[in-house]
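Student: Right, I'll just put the structure down here and ask away after.
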Amino acid sequence: METTGAPGSDGNAGALGREALRRLILDDPPLLSEWLDLEQQLQPNGVDLTLREVGAFDGGGVVARDNIGRRLPEVRPLPFGDDGYLDLAPGPYHILYNEVVDLPHNVMALGRPRSSLGRCGVTIHSAVWDAGYRGRSTSLLVVVNPAGFRLERNARVLQLVFFGLGEAVVEGYRGTYQGENLPPIPG
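Using this note's numbering, the letters of the sequence shown correspond one by one to residues 2 to 188.
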């Protein structure tokens, strides 16, 4: 069934397809910005996010009952070679995407690793992108393949699937990571 208007505006919730995503990305404000090649990144049921940076964890982290006790580990950036590639040994890595996600109060998203990663013995773990979130997200990339993995800067690594909510949330995401990895808003 095809719908018109904003996601969820007719009470129908569900995953957004390519055409709806294109409209929302080209809208103001855009659902997604700083993409590299929209035609290549748009998929039938989502948008591929591309790799900006990879980092190694230096130390452990802490998650407590509230944000006061949370401590994130330091992340040491790993340099790409002159050829634009990075060779990764088995283990966990912190990754940052190129794209900025800006979710209205009637859209949320889930990220899934692209299938080629799994076929190489690599996966990505991500959290929910809540309605109202805006930022340049990060995820956990894990190289399970004992032989390691070679990864190029700007490679498409994660498919973000967007869902229209049956009803917009009154209060969108207001957590610690709102506006993450973006320049501060002047004023």
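We treat Cβ as the ideally placed atom computed from N, Cα and C, and that holds for glycine. In this text the structure is predicted, and so the values were computed from the model without any measurement.
Figure out for me which residue from 131, 168, 34 has the closest Cα to the Cα of residue 174.
Tutor: As a first step, residue 174 is located in the sequence shown; it is residue number 173 there, counting from the start. The option with the nearest alpha carbon to residue 174 is 131.
Student: At the level of alpha carbons, what is the spacing between residue 18 and residue 89?
Tutor: For the purposes of this step, residue 18 is taken as residue 17 along the sequence shown, with counting starting at 1. For the purposes of this step, residue 89 is taken as residue 88 along the sequence shown, with counting starting at 1. One C-alpha to the other measures close to 34 Å.
Student: Tell me, to the nearest whole angstrom, how far the beta carbon of residue 123 is from that of residue 150; I am working on the premise that it is less than 8 Å.
Tutor: As a first step, residue 123 must be located in the sequence shown, where it is residue number 122. As a first step, residue 150 must be located in the sequence shown, where it is residue number 149. Between residue 150 and residue 123 the Cβ distance is about 5 Å, and since that is below 8 Å, they are a contact.
Student: How long is the line joining the alpha carbons of residue 3 and residue 101, rounded to whole angstroms?
Tutor: Indexing the sequence shown from 1 puts residue 3 at position 2. Indexing the sequence shown from 1 puts residue 101 at position 100. Bear in mind that a pLDDT of 36 at residue 3, under 50, signals an unreliable position, so the number given afterwards is only what the model happens to contain. Cα to Cα, residue 3 sits roughly 27 Å from residue 101.
Student: Starting from residue 75, follow the beta strand (DSSP E) in both directions and report where the run begins and ends.
Tutor: The count along the sequence shown starts at 1 and reaches residue 75 at position 74. Start and end: 75–78.
Student: Quick check on the DSSP output: what are the complete alpha helix (DSSP H) runs of length 4 or more inside the segment 76–123, in order along the chain?
Tutor: Those alpha helix (DSSP H) runs which fall completely within the segment 76–123 and span 4+ residues are 116–120.
Student: Give me the residue from 71, 169, 92, 184 with the minimum Cα distance to residue 189.
Tutor: For residue 189 there is no data in the structure shown, the boundaries of the chain being 2 and 188.
Student: The beta strand (DSSP E) that contains residue 54, what's its start and end?
Tutor: Walking along the sequence shown from the start, residue 54 turns up at place 53. Its beta strand (DSSP E) spans residues 47–59.
Student: At a cut of 8 Å, does the segment 113–129 reach the segment 138–147 through at least three beta carbon pairs?
Tutor: Taking 8 Å as the limit for Cβ pairs, the verdict is that the segment 138–147 does touch the segment 113–129.
Student: Output yes or no for whether 8 Å exceeds the beta carbon distance between residue 96 and residue 37.
Tutor: The residue labelled residue 96 in the question sits at position 95 within the sequence shown. The residue labelled residue 37 in the question sits at position 36 within the sequence shown. Their beta carbons are not under 8 Å apart, which means residue 96 does not touch residue 37 by this criterion.
Student: Using the DSSP secondary-structure output, state which residues sit across from residue 130 in a beta bridge.
Tutor: One-based indexing of the sequence shown puts residue 130 at position 129. Its beta-bridge partners are 110.
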